[in-house]
Amino acid sequence: MNSSVDIAVEAMRQSNPVPDPASLADVMMRPEVFLTTTKETTPAMSTTQQTTHPPTGETPHRRRNLTALVAAFAVVLVVGAIVALLAAAQTQESATPTDVTQAFIDARNAGDGESASAMLSEGAKIDDTGANTKVALASKTEWFGAVGWEWTIVDCEESPALAGTQVHCTYAHDNAWSRAVGLDQVNDGGTFTFVVADGTINSFFHDWQQTTFSPAVWEVFIPWVRDNHADQIPVILSDECCTAITTAEANAVWQELTEEYVAEIEANS
Amino acid sequence: MAGPYRGRETWRGLMDPNANERFTRLYTAHYLAVLAYCARRVNRSEAEDITNEVFAVLWRKMDRFDPESPLPWLYRVALGLIKNRRRATRRTVALVSKLGAVGKRTEDAVDVVVVRRERDREVVDVLERLSAPDQEVLRLSIWEELPAADIGLVLGCSTSAAEQRLHRAKKRLAWKLSPILPRSSPSPKSLEEGGRP
Numbered sequence: 039m040n041s042s043v044d045i046a047v048e049a050m051r052q053s054n055p056v057p058d059p060a061s062l063a064d065v066m067m068r069p070e071v072f073l074t075t076t077k078e079t080t081p082a083m084s085t086t087q088q089t090t091h092p093p094t095g096e097t098p099h100r101r102r103n104l105t106a107l108v109a110a111f112a113v114v115l116v117v118g119a120i121v122a123l124l125a126a127a128q129t130q131e132s133a134t135p136t137d138v139t140q141a142f143i144d145a146r147n148a149g150d151g152e153s154a155s156a157m158l159s160e161g162a163k164i165d166d167t168g169a170n171t172k173v174a175l176a177s178k179t180e181w182f183g184a185v186g187w188e189w190t191i192v193d194c195e196e197s198p199a200l201a202g203t204q205v206h207c208t209y210a211h212d213n214a215w216s217r218a219v220g221l222d223q224v225n226d227g228g229t230f231t232f233v234v235a236d237g238t239i240n241s242f243f244h245d246w247q248q249t250t251f252s253p254a255v256w257e258v259f260i261p262w263v264r265d266n267h268a269d270q271i272p273v274i275l276s277d278e279c280c281t282a283i284t285t286a287e288a289n290a291v292w293q294e295l296t297e298e299y300v301a302e303i304e305a306n307s
Numbered sequence: 222m223a224g225p226y227r228g229r230e231t232w233r234g235l236m237d238p239n240a241n242e243r244f245t246r247l248y249t250a251h252y253l254a255v256l257a258y259c260a261r262r263v264n265r266s267e268a269e270d271i272t273n274e275v276f277a278v279l280w281r282k283m284d285r286f287d288p289e290s291p292l293p294w295l296y297r298v299a300l301g302l303i304k305n306r307r308r309a310t311r312r313t314v315a316l317v318s319k320l321g322a323v324g325k326r327t328e329d330a331v332d333v334v335v336v337r338r339e340r341d342r343e344v345v346d347v348l349e350r351l352s353a354p355d356q357e358v359l360r361l362s363i364w365e366e367l368p369a370a371d372i373g374l375v376l377g378c379s380t381s382a383a384e385q386r387l388h389r390a391k392k393r394l395a396w397k398l399s400p401i402l403p404r405s406s407p408s409p410k411s412l413e414e415g416g417r418p
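Chains A and B, in that order, are what the protein sequence lines are. Counted the way my numbering counts, the first sequence spans residues 39 to 307. Counted the way my numbering counts, the second sequence spans residues 222 to 418.
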């Protein structure tokens, strides 16, 4: 029978708003018409590469209409390109420190350690639940992804700092274990504090509060692993209770155990 | 369902010393796929504009364009253009909001027009509540039917990273959709063991 993931994937497949690209064929210009308009607006190619307009067999009247259409399209294309270029330039200038930190959180939520780490400067000061280097943060981010951790920013406040702008954010969070037992995202007072300069994060401090969340999930999941896969405890924990190993190999085991745990709860609830 | 994926095999067969001819073949082979890609993410009018921009970019780069897989390259260009437009739209909405008016996302229109069933609408709503990276990797895999290697080319990451992102995004999609979809069947192992942890 299908898993919940298979069902979700199939539901998304069925919701494809354009299941058949051929249904859009009515708007497709002939390539020679497209080329004509494009060459008029982008004369960057060498002249030897440009061809004369191919014979179309169209009447002069139709050709005039076509020329008018082509001219109108060319104007739209040029204006559109200028607007897009201006927008891109403006975006680069206007990315706020909070935008930068949100991009970091997005990468973190995606479990993309490589991207999250790349947003930090070389030598950045890092303190993220035991991770103090970019490499450690990357593997910790992958671990967060393996157990389905997600952070939703509640509020961020910017203030001047010595070396840039400080961004202090409160958040709510959950993970696969908490969702499995039906807990909503919790806002337990944890915060992220960044210092951002020139679009780069120069420091990242995670104030991790465990008063609510940990008892609810960690202290349920780990005993479940002990009961069902005791042999895996040394693979995923570096001590008896509390410190996760976050190597790629260990993260794969974390992910497998989490999936089994979640499936079992789902099946029995 | 989408047509068969034809990205990887096309480019080598299209090699031709004549740029016009090469462009024409690429345009003919991939225009509708790129248009569909755009129409799955923005409204129809914007999709047409962006698709034309994509092929204008392709034409400008024809003299130095030689990727193994042209379709992921074209998708990557389209993704960049869509992101630029969304940023511009967000700024416009923010400005309108500051002025006291209420902005409406341009993406809404396409869904209203093309989503055929209520559950599809709900699924798309849930999809849009995922993070942008999750949405994109899911669309590339499920709607564009790209293999992981080509998803990596579009997103600028390795194949294994694309696989991992996709795996996690599917899990998150399943979680978000669980309230509106039928429950999965329990595995035999779970039934045997029984009980909550």
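Heads up, the beta-carbon is just placed ideally off N, CA and C, and yes, glycines get one too. It should be emphasised that the depicted structure is a prediction, and the values quoted were computed from it without experimental measurement.
Closer than 7 Å by beta-carbon distance: list the chain B residues that pair up with Glu-287 (chain A), in chain order. Near Glu-287 (chain A) there are no residues of chain B at all, since even the closest Cβ is about 13 Å away, more than 7 Å.
Kindly identify the DSSP beta-bridge partner or partners of Thr-249 (chain A). DSSP, once it has assigned bridges, lists no residue as partnering Thr-249 (chain A).
Tell me the DSSP secondary structure of Gln-87 (chain A) in three-state form. With a pLDDT of only 38 at Gln-87 (chain A), under 50, the local geometry of the prediction cannot be trusted, and the value read off the model is given with reservation. Helix, per DSSP.
Straight-line Cα distance separating Ile-363 (chain B) from Gly-373 (chain B): 15 Å
Of all the residues that make up the segment 368–396 of chain B, which are near chain A by a beta-carbon distance shorter than 9 Å? Cys-378, Ser-379, Ala-382, Gln-385, Arg-386, His-388, Arg-389, Ala-390, Lys-391, Lys-392, Arg-393, Leu-394, Ala-395, Trp-396
Give me the residue from A:Val-185, A:Asp-64, A:Arg-68, A:Val-56 with the minimum Cα distance to Asn-264 (chain B). A:Val-56
Limits of the alpha helix (DSSP H) - the one that Gly-183 (chain A) falls within: Here the alpha helix (DSSP H) through Gly-183 (chain A) covers 172–184.
So with Cβ pairs under 8 Å, would you call Glu-349 (chain B) a contact of chain A? no
Does chain A have any CB closer than 8 Å to the CB of Ala-277 (chain B)? yes
Assess, as a yes-or-no matter, whether the segment 236–246 of chain A is touched by the segment 267–277 of chain A under the definition of 3 or more beta carbon pairs within less than 8 Å. no
Quick one: what's got a C-beta closer than 7 Å to Asp-165 (chain A)'s C-beta in the same chain, skipping five residues either side? Phe-243, His-244
Please report the residue range of the alpha helix (DSSP H) in which Ala-288 (chain A) lies. 286–306
Quick one: Cα of Asn-147 (chain A) to Cα of Glu-188 (chain A), how far? 5 Å
Would Arg-393 (chain B) pass as a contact of Asp-346 (chain B) if the rule is Cβ separation under 8 Å? no
Hey, how far is the Cα of Gly-183 (chain A) from the Cα of Leu-295 (chain B)? 29 Å
Do we get a CB-CB distance below 8 Å when we pair Tyr-252 (chain B) with the residues of chain A? yes
Any Cβ of chain A within less than 8 Å of the Cβ of Val-323 (chain B)? Low local confidence applies: a pLDDT of 37 at Val-323 (chain B) is under 50, so the model's placement there is unreliable, with the coordinate-based value given in what follows. Chain A contact via Cβ: absent.
Quick check on Trp-280 (chain B) - is its C-beta less than 8 Å from some C-beta in chain A? yes
To which residues of the same chain is Glu-302 (chain A) closer than 7 Å at the C-beta, ignoring the five residues directly before and after it? none
So, do the segment 259–275 of chain B and the segment 238–249 of chain B have three or more beta carbon pairs nearer to each other than 8 Å? no
Trp-189 (chain A), DSSP secondary structure in three states: strand
Alpha carbons only, please: which of A:Asp-144, A:Gly-168, A:Lys-172 is nearest the one belonging to Ala-156 (chain A)? A:Lys-172
Closer than 9 Å by beta-carbon distance: list the chain A residues that pair up with Glu-269 (chain B), in chain order. Leu-62, Val-65
When DSSP labels each residue in this structure, what does Ile-303 (chain B) get in the three-state scheme? Ile-303 (chain B) falls in the helix class under three-state DSSP.
Say whether chain B places a C-beta atom closer than 8 Å to the C-beta of Leu-330 (chain A). Because chain A here runs from 39 to 307, residue 330 (chain A) falls outside it and cannot be looked at.
What would DSSP say about Lys-163 (chain A), mapped onto helix, strand or coil? strand
Distance between Thr-208 (chain A) and Thr-134 (chain A) (C-alpha atoms, nearest Å): 17 Å
Comparing C-alpha positions only, which one of A:Gly-220, A:Thr-285, A:Val-233 sits nearest to Leu-175 (chain A)? A:Thr-285
If we define contact as Cβ-Cβ less than 8 Å, is Pro-69 (chain A) a contact residue for chain B? yes
Length of the line joining the Cα atoms of Pro-198 (chain A) and Met-67 (chain A): Distance between the alpha carbons of Pro-198 (chain A) and Met-67 (chain A): 53 Å.
Leu-300 (chain B) classed as buried or exposed, judged by whether at least 16 other C-beta atoms fall within 10 angstroms: buried
Which residue comes first and which comes last in the beta strand (DSSP E) that contains Gly-202 (chain A)? Residue range 202–212 is occupied by the beta strand (DSSP E) that includes Gly-202 (chain A).
Please list the partners that Val-344 (chain B) has in chain A, where partner means a Cβ-to-Cβ separation under 8 Å. Going along chain A in sequence order, the residues near Val-344 (chain B) (Cβ under 8 Å) are Ala-49, Met-50, Gln-52, Ser-53.
On the three-pair Cβ rule with 8 Å, is the segment 338–352 of chain B touching the segment 364–371 of chain B? no
Length of the line joining the Cα atoms of Leu-351 (chain B) and Ala-288 (chain A): 26 Å
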